[in-house]
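For our numbering, count along the sequence shown from 1 and bump the result up by 1.
Below is one structure, written out as structure tokens; the observations come after it.
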Amino acid sequence: MTSFKYGNLRKIIFLITAVLVLSCNNSKKSDINNEKVVKKELQPFFDSDRIDHYYLNLSENNFFKLIKKENKTEKEKELINIYIHSFPDNIPQEDFEKTLLSHNYKKSNLSIKDEKSIENVFSEKDSLKNDACACIAEYKDVFIFKKNAKTVGIAKICFKNARFQIIGSKINTEGFGLINELDKLHNIVRPNEKKT
């Protein structure tokens with residue numbers, strides 16, 4: 002009679018375990034279906050019809066010389082503000098592109114496909130960003146988003162230290178900055194260069 006009880010007990014435990022496992026799997030499938038509904042259409046950060054990319058090829062040696070220089074000119078101070086600080090902190094009234102060009106930032110030739118890929122990277126995310134790097138930013142890459150030839154957004158990117166500054170977006174940019182996104186962006190604008 003004891004063996005009968007243990008045999009039945011094993012069957013009951015097996016059935017309970019099977020029911021729990023199956024119900025957990027169904028619950029996970031339900032969660033996945035709900036996630037698919039949430040992820041459907043993510044908005045771009047900017048309502049733009051054109052994206053321009055500017056790049057500054059500044060060596061670390063020249064960068065540190067500029068930082069250490071005692072009596073900086075106004076133009077050098079402006080470059081430092083663009084390159085490592087948060088200038089501009091809003092959409093400038095004057096032509097920011099002329100300012101970039103005056104500091105030797107070079108404009109890239111982007112294809113329509115490149116612009117679309119860049120727009121996809123600069124879109125609302127439903128994931129949380131990785132922790133930020135505590136290193137100083139070196140904003141070598143600047144993206145200018147335009148609508149009807151007017152600047153509607155600016156994004157400054159430091160690929161080296163995974164830092165960024167986004168100006169003008171009406172959408173929450175909190176999920177931006179995942180390493181794989183920055184790698185994708187780097188490969189679009191500098192496909193022949195190894196990321197440092």
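Beta carbons: idealized from backbone N, C-alpha and C, even for Gly.
How would you write the range of the beta strand (DSSP E) that Y140 sits in, first residue to last?
Residue numbering aside, residue 140 sits at position 139 when the sequence shown is read from its first letter. Counting along the chain, Y140 falls outside any beta strand (DSSP E), and DSSP gives it neither H nor E.
Let me make sure I understand the geometry here. Which of I168, S118, Y56 and F144 has the alpha-carbon closest to that of S87?
Position 86 of the sequence shown, counted from the first residue, corresponds to residue 87. Considering only alpha carbons, the answer is I168.
Considering only C-alpha positions, which residue in the set E194, E125 and I83 is nearest to N105?
The sequence position of residue 105 within the sequence shown is 104, counting from 1. Of the listed residues, the one whose Cα sits closest to N105 is I83.
In terms of residue numbering, what span does the beta strand (DSSP E) encompassing K185 cover?
In the sequence shown, the residue the question calls residue 185 occupies position 184. Premise fails: K185 lies in the alpha helix (DSSP H), I180 to V190, not in any beta strand (DSSP E).
For D50 versus N149, is the C-beta distance shorter than 8 Å?
Looking up residue 50 in the sequence shown gives position 49. Looking up residue 149 in the sequence shown gives position 148. Contact: yes.
Unbroken stretches of the beta strand (DSSP E), 3 residues or longer, contained in the region 44 to 72
51 to 56
According to DSSP, is F1 part of a helix, a strand, or is it coil?
Outside the shown range of the chain, which is 2 to 197, sits residue 1, and nothing can be said about it.
State the Cα-Cα distance for the pair K41 and T152, rounded to the nearest angstrom.
Counting from 1 along the sequence shown, the entry for residue 41 is found at position 40. Counting from 1 along the sequence shown, the entry for residue 152 is found at position 151. A caution first: K41 carries a pLDDT of 43, below 50, which makes its placement in the model too unreliable to give a value.
State the DSSP-derived secondary structure class of I85, mapped to helix, strand or coil.
The sequence position of residue 85 within the sequence shown is 84, counting from 1. Coil.
Name the residue from T74, I81 and Q44 whose alpha carbon lies nearest to the alpha carbon of Y140.
Looking up residue 140 in the sequence shown gives position 139. For the residues T74, I81 and Q44, the minimum Cα distance to Y140 belongs to I81.
Just how far apart, CA to CA, sit Q44 and N72?
Position 43 of the sequence shown, counted from the first residue, corresponds to residue 44. Position 71 of the sequence shown, counted from the first residue, corresponds to residue 72. Roughly 45 Å between the two C-alpha positions.
Roughly how many whole angstroms lie between the Cα atoms of V147 and I113?
Here residue 147 refers to the residue found at position 146 when the sequence shown is read from its first residue. Here residue 113 refers to the residue found at position 112 when the sequence shown is read from its first residue. Before going further, note that residue 147 is Lys rather than Val in the sequence given. Taking the straight line joining both Cα atoms gives about 14 Å.
In three-state terms, what does DSSP make of S24?
The residue you call residue 24 lines up with position 23 of the sequence shown. Caution applies to S24, whose pLDDT of 47 falls short of 50 and renders its modelled position unreliable; the value that the coordinates give is listed next. Helix, per DSSP.
Mark K69 as exposed unless 16 or more other C-beta atoms lie within 10 angstroms of its C-beta, in which case mark it buried.
On the sequence shown, residue 69 is found 68 positions in, with the first residue counted as 1. Looking at its Cβ environment, which holds fewer than 16 other Cβ atoms inside 10 Å, K69 is exposed.
Pull up the distance between the alpha-carbon of P142 and that of L101, whole angstroms please.
Your numbering for residue 142 matches position 141 in the sequence shown. Your numbering for residue 101 matches position 100 in the sequence shown. The question names Pro, yet the displayed sequence has Asp at residue 142. When rounded, the distance between both Cα atoms is 10 Å.
Bridge partners for C159 per DSSP, in chain order?
Translated into the one-based positions of the sequence shown, residue 159 becomes position 158. In DSSP, C159 forms a bridge with R164.
What is the rounded straight-line gap between the Cα of E194 and the Cα of D184?
Taking the sequence shown and counting its residues from 1, the one referred to as residue 194 is at position 193. Taking the sequence shown and counting its residues from 1, the one referred to as residue 184 is at position 183. For E194 and D184, the distance between alpha carbons rounds to 11 Å.
Excluding sequence positions up to five away, which residues of its chain have a Cβ less than 6 Å from the Cβ of D115?
Taking the sequence shown and counting its residues from 1, one reaches residue 115 at position 114. Correct list, in chain order: I189.
Per the DSSP calculation, G154 is bridged to which residue(s)?
One-based indexing of the sequence shown puts residue 154 at position 153. Its beta-bridge partners are F146.
Coarse secondary structure for K195, derived from DSSP in three states
Here residue 195 is taken as the residue at index 194 of the sequence shown, counted from 1. It is coil, neither helix nor strand.
Taking the alpha helix (DSSP H) that K117 belongs to, which residues open and close that run?
For this step, residue 117 is matched to residue 116 along the sequence shown. Looking at the DSSP string, the run of the alpha helix (DSSP H) that includes K117 is I113 to V122.
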